[in-house]
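In the numbering used here, the protein residues as written are 2 to 123. In this text, a Cβ means the ideal position worked out from N, Cα and C, and glycines have one as well.
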Amino acid sequence: MLNHGFSERVLSMAEVENQQPGEATPTSQSPALIAYVRMIGLEAGDTAHIVLRAPVGTVIAEKLLPALERGQAQTLTLIGRKRPGASWPAGTYLAEYQVTNAGQTVFSQQFSMPMGPVRPGP
C-alpha cells in the first residue's frame, strides 16, 4: 500500500500520488466521506475488498472488486457515501482493505480517522 486515507470528494490518481489529499480532508460538514487506497504490484487473480464503517461499527459502504485478469502496476480504489443528514456523526471512522488470491489473504490493513462534532458558528 503506497497511500491511503480519507477525503471529502473523489480524488484523482495524480492528487494521491502528489500527496495533495489534505486539501480535501473531511469534516463533520463535508458533503461526502471517501476512503481511498493506492496499491502497487497487484497480481492476476487478486481480489480487493474495501469496507467503510461508521463510529458505531455499522458498514456505511462496501465494495468487492472482481479478480484481476492480469497484474497491475498500481491501482486506486475509492469507496464512500454522501452525508446522511445535516452532519456526519462524531467518532472514529474505520476503513478496512483486504486483498486475497486463491482464497488466501495476501494483504490486509485498517486505517481510521476521527471526526469531531459540529462546531457552533460565531
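V17 carries a helical assignment under DSSP once its states are collapsed to helix, strand and coil.
Residue pairing by DSSP leaves E70 without any beta bridge partner. Of all C-beta pairs linking the segment 79-90 to the segment 42-59, three or more are shorter than 8 Å, placing the two stretches in contact. Judged by DSSP in its simplified three-state form, A49 adopts strand. Beyond the five residues adjoining it in sequence on each side, Y98 comes within less than 6 Å, by CB distance, of V38, I51 and Q110 in the same chain, given in chain order. The three-state reading of DSSP puts A62 in strand, counting E and B together. Taking 8 Å as the upper bound for CB-CB distance, G86 and L43 are not in contact here, some 36 Å apart.
The three-state secondary structure of A87, taken from DSSP, is coil.
For T106, DSSP records a beta bridge to T101.
Contact check for P27 and F7: beta-carbon distance about 5 Å, within the 8 Å limit, so the pair qualifies.
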